[in-house]
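Engineer:
Number of protein chains: 4
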Amino acid sequence: MTFFHDAIGLEEVTREGGTVYLRAADEFEHHSLTLTETDSAGVDHIGWQTRKPEQVAEYADLLTDHGVDITWVDDGEELGQGDAIRFQTENGHQFEIYYEMEKPDPPEERRSRLKNRVYTPTKTNPIAPQHIDHVQIWEPDIVELSEWLQDVLGLEVIEYYNLEDGSRWGTWLSASGFKIDVAVIHDDAETATFNHTAYTVDNSNDLFDAYDAMKEREIPVDGLGQHSISRGKFCYARDPLTGHRIEFSDSGYFVLDPDWEPIAWNETDLEDRQWMGGFDGLETVDY
Amino acid sequence: MTFFHDAIGLEEVTREGGTVYLRAADEFEHHSLTLTETDSAGVDHIGWQTRKPEQVAEYADLLTDHGVDITWVDDGEELGQGDAIRFQTENGHQFEIYYEMEKPDPPEERRSRLKNRVYTPTKTNPIAPQHIDHVQIWEPDIVELSEWLQDVLGLEVIEYYNLEDGSRWGTWLSASGFKIDVAVIHDDAETATFNHTAYTVDNSNDLFDAYDAMKEREIPVDGLGQHSISRGKFCYARDPLTGHRIEFSDSGYFVLDPDWEPIAWNETDLEDRQWMGGFDGLETVDY
Amino acid sequence: MTFFHDAIGLEEVTREGGTVYLRAADEFEHHSLTLTETDSAGVDHIGWQTRKPEQVAEYADLLTDHGVDITWVDDGEELGQGDAIRFQTENGHQFEIYYEMEKPDPPEERRSRLKNRVYTPTKTNPIAPQHIDHVQIWEPDIVELSEWLQDVLGLEVIEYYNLEDGSRWGTWLSASGFKIDVAVIHDDAETATFNHTAYTVDNSNDLFDAYDAMKEREIPVDGLGQHSISRGKFCYARDPLTGHRIEFSDSGYFVLDPDWEPIAWNETDLEDRQWMGGFDGLETVDY
Amino acid sequence: MTFFHDAIGLEEVTREGGTVYLRAADEFEHHSLTLTETDSAGVDHIGWQTRKPEQVAEYADLLTDHGVDITWVDDGEELGQGDAIRFQTENGHQFEIYYEMEKPDPPEERRSRLKNRVYTPTKTNPIAPQHIDHVQIWEPDIVELSEWLQDVLGLEVIEYYNLEDGSRWGTWLSASGFKIDVAVIHDDAETATFNHTAYTVDNSNDLFDAYDAMKEREIPVDGLGQHSISRGKFCYARDPLTGHRIEFSDSGYFVLDPDWEPIAWNETDLEDRQWMGGFDGLETVDY
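Written out as structure tokens, the structure reads:
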């Protein structure tokens, strides 16, 4: 919690049974991150919210039809969340699909006077990020996984990046339809791992402020700059205790066009994958 | 063009037959605004893009079923745009529905080295707004229009505002699903009119820069601040020649939740409809 | 303290004998503001620091030569401050001149890891202003006072503003030589009064954040925008309890030229004294 | 000029005899940089403005007394500048001292409506820096030069940095009294060289914009971040043609205290000389 609450600035919603539920300051959901005490650092699962209530059951059937083993998670087992299913991808990404999620109910003295805002921002952590933006996952068979995410889960490709030899290095996909929600990066390891969770900040000044906050707390930072792909401006902080990495991101651009054509990058297009600054955060954590 | 191009910073895409096609710097479409020389100032129509190609014809049928007269606009009649339909709402809002829109093709020396960006921003107008954000329209029968926009066109209500006597003063709706795309404001006039078009800027510094640019050109500004509804930070400029108003907006918050419940405001909730600063731009233009 | 500490974000340095000593987050002095409990709201005095230690005594002699009654304030009477003199101007401004001031000594857990910074900014109030910028005082005989400030105290005029009838409305002077430190505004009242103290913030985003913080605490704000004179961007908050007004200011421009020629404004030069936005904070407090 | 005008955004004031005179957008002087066509890249001289007219002659006498050869530069020889003296330090820094400098006279259509601003910012280069901030010079005998700058020229030390072995690595001095105007860095080379000239931008967003502008023009950038010393946020661009480096800087903090005590850094105080990001610009140019 020193890292996730004090440094990163996530709000602690509640605790139960060894699990802490966290939410970013401008999120309208019960929580967007949970932390559970364990012996070894790792990611338990990534959750996806469906657009309609009935789609959880529909995905359950669809996944079963595709030969995927699903497990039902009962309403309330994860606090604030309705019935959900969990399953894993071929190489081991742990996913959850749910629809119902309680609305936030902050304490009176922390609540904003604006009805369309949850917290009074000036009574939260100065570096409080706004909302969850995307996750980055690593995967040996990236082309297959990307196609599966499109064909089965219904995600759309926003950008992709090929190495000079023509092999795929990364694919950036959208579940929401208007922004990148997951980045899938090639990794030579045999099993899938998890690189980072990104939370949004408002602008470049906030990135510098976030970096500054990490330095004052002696928390390692893995870079500052802007990615060419996604145009996201970034600053990465890493929890010294668990190795979990949080990206502060300005979220890049939004996809406003239903006829979006995926941006096709080749390694030779630009001199660097970072348009500005540098990034050196290559460690991942297991599921 | 002194106003829309030189001052506001929209890019001139092309001209044909007395019509100028304009686009904001970070739009991935052929154009987002057209200006046609006429004897009197007014808005010709508001265009809506469908999610899928077949939906233009589906809307044509649906609208006809609802007793609305539609007119087909052939592919290319509006440059860069495919087949479209035009029609008007009960009180006179002029709408167009289309799907196909050409992608932008900026001149080589203006094109960004980033494949996911259209223009090199530092070779555009310093005050160049990013993309079209929303329109605000005025209407005598706001409850009926809002319901029609939901039931027939499929828009969703994000926020609404009631006066102390319980009557509806405004409704903010989304077509895209993740942000407010149209604000419908009550007006005692008998027919529908048009108040402004909003284009996004990145942050509060840019709002001050936009305001500054207007002042240096002696263009009237109708306010600076933040709306309570939508949380949009704003600065409004008005074309001295035509009375058209452009809002520079930071776009407020994004709706990331499929289970969004409309924010219900009452006039008594806050002391002012502006959370910060002030706005005094009450003139509208006719269709 | 609800206003000055909780809302404005000044640091409480210490308390003694009914007086609270306050300092802004990035000030390298013991304090920049003191608050003393009294029956009626008012300003006790405005302090000026000399460039050299011996100048306090020199000013004592000089002022006595000019027929001004001075009172010595002993080292430590105002905590952290060395020997000082107090006196009042013809119409009643209460001034103090000092040289010695202790350096800040924040508690270990609040201290920055940077040796050239006092506090860890991310552990202070999110809206913490940086340092004191200027004061604005009101005065019936503004031309005489301005000349006295130049001739006796050695201040320099940076800008001045004449009404259309040729009479002086305001003079902006510098004690430091590189920025405006005091604004003297004409007032028809018979005696001198005090309008506001300005503290700096870094940029326009911070002005919006400061305004937002005031709104969440239901503290009245007297405007947002940019002054034509000084080019200072501003947001004014007023303590509901005492009527004291604090300006959040971006400090305008810096005077880097030793051969600066005062900017001479006439009421007819621009349509408004505010280049952007509006200001309506006309109440002053007595000495 | 592709670099200094088109990319960096300096204004071209005038040209005469193979020399181009440049000024930043918010400078109240005739020019702050001159470029002269030569066969080899190099810096001709660094100019210092005195506080009073008579001080040029006083410095001439003082320097002669200290055994320094001075050369008079007649009024107008450098356009816009009055009588000046030139001389070099022991190891070869080329300095000039002047007082008179003409005020800027921008063309009518570029002039701001604000009398306290030179150019209309929105009609200048979008990346236009505000004003010259400091120079960084490299020197074999840094302790001796720093003392000479204090004792003879009257500069003040704001910060200094010692290596772990106790030797001086850098000294940051102020001529103006309220900010760092020159950084003197240790170099093992036998003669003095010049590293960069810094121009200010307003905030961190502008640093990202400046970096972006360099990338779009394929101009090398030597880093983005914040220095521990001076707290200056930075982005460095290097002219591919001449090797001259321009720093975009937010100017760090201001020294408001006449009793400033130099900040004494030791290499062991922090893990890195950069508080944020990284810098790798080690090439210098000769005089």
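Protein chains in written order, with the UniProt record's numbering: chain A, 1 to 287; chain B, 1 to 287; chain C, 1 to 287; chain D, 1 to 287. Note that the Cβ used here is the ideal one computed from N, Cα and C, for glycine as well.
Three-state secondary structure (DSSP) at residue 3 of chain D?
Structural biologist: As a position in the fourth sequence, residue 3 of chain D is number 3, starting the count at 1. Looking at residue 3 of chain D - three-state DSSP - the assignment turns out to be helix.
Engineer: Out of A/12, A/156, A/253, which has the shortest C-alpha to C-alpha gap to residue 118 of chain B?
Structural biologist: Position 118 of the second sequence holds residue 118 of chain B. The option with the nearest alpha carbon to residue 118 of chain B is A/253.
Engineer: With respect to the beta strand (DSSP E) encompassing residue 274 of chain B, which residues constitute its N-terminal and C-terminal limits?
Structural biologist: Taking the second sequence and counting its residues from 1, one reaches residue 274 of chain B at position 274. Note, residue 274 of chain B: beta strand (DSSP E), 274-279.
Engineer: Please list, in chain order, all residues of the same chain as residue 62 of chain D whose beta carbon is under 8 Å from its beta carbon, the five residues on each side excluded.
Structural biologist: Here residue 62 of chain D is taken as the residue at index 62 of the fourth sequence, counted from 1. Contacts found: 152.
Engineer: Grab the span of the beta strand (DSSP E) containing residue 115 of chain A for me, first residue to last.
Structural biologist: Taking the first residue of the first sequence as position 1, residue 115 of chain A is located at position 115. Neither: residue 115 of chain A is in no beta strand (DSSP E) and is coded neither H nor E.
Engineer: Could you confirm whether any beta carbon from chain C is found closer than 8 Å to the beta carbon of residue 24 of chain A?
Structural biologist: The residue labelled residue 24 of chain A in the question sits at position 24 within the first sequence. Not one chain C Cβ lies under 8 Å of residue 24 of chain A.
Engineer: What do you reckon, are the CB atoms on residue 249 of chain A and residue 213 of chain A nearer than 8 Å?
Structural biologist: Within the first sequence, numbered from 1, the residue matching residue 249 of chain A stands at position 249. Within the first sequence, numbered from 1, the residue matching residue 213 of chain A stands at position 213. No; because the gap between Cβ atoms is not below 8 Å, this pair is not in contact.
Engineer: From the DSSP output, read off the bridge partner residues of residue 68 of chain A.
Structural biologist: Taking the first sequence and counting its residues from 1, the one referred to as residue 68 of chain A is at position 68. The partner list for residue 68 of chain A (beta bridge, DSSP) is empty, contrary to what the question assumes.
Engineer: Mind pulling the beta strand (DSSP E) runs of 3 or more residues that sit fully within the region 209-245 of chain C?
Structural biologist: Runs of the beta strand (DSSP E) inside the region 209-245 of chain C: 221-227, 233-238.
Engineer: Using a C-beta cutoff of 8 Å, does residue 131 of chain C count as contacting chain D?
Structural biologist: Locating residue 131 of chain C in the third sequence gives position 131, where the first residue counts as 1. Yes, residue 131 of chain C counts as interfacial toward chain D.
Engineer: Am I right that residue 192 of chain D and residue 138 of chain D are in contact with their C-beta atoms under 8 Å? What's the rounded C-beta distance?
Structural biologist: As a position in the fourth sequence, residue 192 of chain D is number 192, starting the count at 1. As a position in the fourth sequence, residue 138 of chain D is number 138, starting the count at 1. Confirmed, Cβ separation roughly 7 Å.
Engineer: Can residue 132 of chain D and residue 218 of chain D be called in contact, C-beta distance under 8 Å?
Structural biologist: Your numbering for residue 132 of chain D matches position 132 in the fourth sequence. Your numbering for residue 218 of chain D matches position 218 in the fourth sequence. Result no, Cβ atoms of residue 132 of chain D and residue 218 of chain D do not sit closer than 8 Å.
Engineer: Can you check whether the C-beta of residue 122 of chain D is within less than 8 Å of a C-beta belonging to chain B?
Structural biologist: In the fourth sequence, the residue the question calls residue 122 of chain D occupies position 122. Yes, its Cβ sits closer than 8 Å to a Cβ of chain B.
Engineer: Express the C-alpha separation of residue 112 of chain A and residue 23 of chain A in angstroms, rounding to a whole number.
Structural biologist: In the first sequence, residue 23 of chain A corresponds to position 23, counting from 1. In the first sequence, residue 112 of chain A corresponds to position 112, counting from 1. Spanning the two alpha carbons is a distance of roughly 15 Å.
Engineer: In chain C, what lies closer than 7 Å to residue 216 of chain A by C-beta?
Structural biologist: If you number the first sequence from 1, residue 216 of chain A lands on position 216. Within chain C, the residues near residue 216 of chain A are 112, 113, 120, 122.
Engineer: Pick helix, strand or coil for residue 51 of chain C, following the three-state DSSP scheme.
Structural biologist: Indexing the third sequence from 1 puts residue 51 of chain C at position 51. DSSP places residue 51 of chain C in coil when its eight states are reduced to three.
Engineer: Does the Cβ-Cβ distance between residue 8 of chain B and residue 183 of chain B come in under 8 Å?
Structural biologist: Sequence index remark: in the second sequence, residue 8 of chain B carries index 8 (1-based). Sequence index remark: in the second sequence, residue 183 of chain B carries index 183 (1-based). No, these two residues do not count as a Cβ contact at 8 Å.
Engineer: Please list the terminal residues of the continuous alpha helix (DSSP H) segment that includes residue 8 of chain D.
Structural biologist: Taking the first residue of the fourth sequence as 1, we reach residue 8 of chain D at position 8. Neither: residue 8 of chain D is in no alpha helix (DSSP H) and is coded neither H nor E.
Engineer: Residues of chain C with a CB under 7 Å from the CB of residue 126 of chain A: which are they?
Structural biologist: In the first sequence, the residue the question calls residue 126 of chain A occupies position 126. 122, 126, listed in chain order.
Engineer: Taking DSSP's pairing of strands, which residues face residue 289 of chain A in a bridge?
Structural biologist: Because chain A spans 1 through 287 in this model, residue 289 of chain A falls outside it and cannot be assessed.
Engineer: Given a cut-off of 8 Å on the beta-carbon distance, is the pair residue 175 of chain A and residue 48 of chain A in contact?
Structural biologist: Locating residue 175 of chain A in the first sequence gives position 175, counting from the first residue. Locating residue 48 of chain A in the first sequence gives position 48, counting from the first residue. For residue 175 of chain A and residue 48 of chain A, yes; Cβs fall inside 8 Å.
Engineer: Give me the Cα-Cα distance between residue 160 of chain B and residue 280 of chain B, rounded to the nearest whole angstrom.
Structural biologist: Here residue 160 of chain B refers to the residue found at position 160 of the second sequence. Here residue 280 of chain B refers to the residue found at position 280 of the second sequence. Computed Cα separation, rounded: 20 Å.
Engineer: Between which two residues does the alpha helix (DSSP H) holding residue 148 of chain A run?
Structural biologist: As a position in the first sequence, residue 148 of chain A is number 148, starting the count at 1. First-last of the alpha helix (DSSP H) with residue 148 of chain A: 142-151.
Engineer: For residue 96 of chain A, count neighbouring C-beta atoms within 10 Å of its own C-beta (all shown protein chains included) and say buried if the count is 16 or more, exposed if not.
Structural biologist: Position 96 of the first sequence holds residue 96 of chain A. Residue 96 of chain A is buried by the Cβ-count criterion.
Engineer: Of all the CB atoms in chain D, is at least one closer than 8 Å to the CB of residue 274 of chain A?
Structural biologist: Counting from one through the first sequence, the residue named residue 274 of chain A turns up at place 274. Not closer than 8 Å to any Cβ of chain D, the Cβ of residue 274 of chain A fails to qualify, so no.
Engineer: Relative to chain D, which residues along the region 192-205 of chain B have a C-beta separation below 7 Å, given in chain order?
Structural biologist: So the close ones are 203, 205.
Engineer: Do residue 13 of chain B and residue 30 of chain B have their C-beta atoms closer together than 8 Å?
Structural biologist: Working through the second sequence from its first residue, we reach residue 13 of chain B at position 13. Working through the second sequence from its first residue, we reach residue 30 of chain B at position 30. Going by C-beta atoms, residue 13 of chain B is nearer than 8 Å to residue 30 of chain B.
Engineer: Output yes or no for whether 8 Å exceeds the beta carbon distance between residue 277 of chain D and residue 225 of chain D.
Structural biologist: In the fourth sequence, counting from the first residue as 1, residue 277 of chain D sits at position 277. In the fourth sequence, counting from the first residue as 1, residue 225 of chain D sits at position 225. In this structure, residue 225 of chain D lies closer than 8 Å to residue 277 of chain D by Cβ.
Engineer: In chain order, what residues of the same chain have a beta carbon less than 6 Å from the beta carbon of residue 286 of chain C, not counting five sequence neighbours either side?
Structural biologist: Position 286 of the third sequence, counted from the start, is the residue given in the question as residue 286 of chain C. So the list reads 42, 193, once near-sequence residues are dropped.
Engineer: Have a look at residue 222 of chain A and residue 235 of chain A and give me their C-alpha separation to the nearest angstrom.
Structural biologist: Locating residue 222 of chain A in the first sequence gives position 222, counting from the first residue. Locating residue 235 of chain A in the first sequence gives position 235, counting from the first residue. Looking at the two C-alpha atoms, the distance is approximately 7 Å.
Engineer: Among the candidates A/164, A/144, A/208, whose CA atom is the shortest distance from the CA of residue 268 of chain A?
Structural biologist: Within the first sequence, the letter at position 268 stands for residue 268 of chain A. Comparing Cα positions, the closest option is A/164.
Engineer: Consider the Cβ of residue 211 of chain A: report whether some Cβ of chain D lies at a distance smaller than 8 Å.
Structural biologist: In the first sequence, residue 211 of chain A corresponds to position 211, counting from 1. True, the Cβ-Cβ gap to chain D drops below 8 Å.
Engineer: Taking 8 Å as the threshold (beta carbon to beta carbon), is residue 270 of chain B in contact with chain A?
Structural biologist: What you label residue 270 of chain B is simply residue 270 of the second sequence in a count that begins at 1. By this cut-off, residue 270 of chain B is an interface position.
Engineer: In three-state terms, what does DSSP make of residue 296 of chain A?
Structural biologist: This structure gives no information on residue 296 of chain A, because the portion of chain A shown stretches from 1 to 287.
Engineer: Could you check where the beta strand (DSSP E) with residue 88 of chain C kicks off and where it finishes?
Structural biologist: Position 88 of the third sequence holds residue 88 of chain C. Start and end: 84-88.
Engineer: Which residues in chain C have a C-beta closer than 7 Å to the C-beta of residue 265 of chain D? List them in chain order.
Structural biologist: The count along the fourth sequence starts at 1 and reaches residue 265 of chain D at position 265. Within chain C, the residues near residue 265 of chain D are 115.
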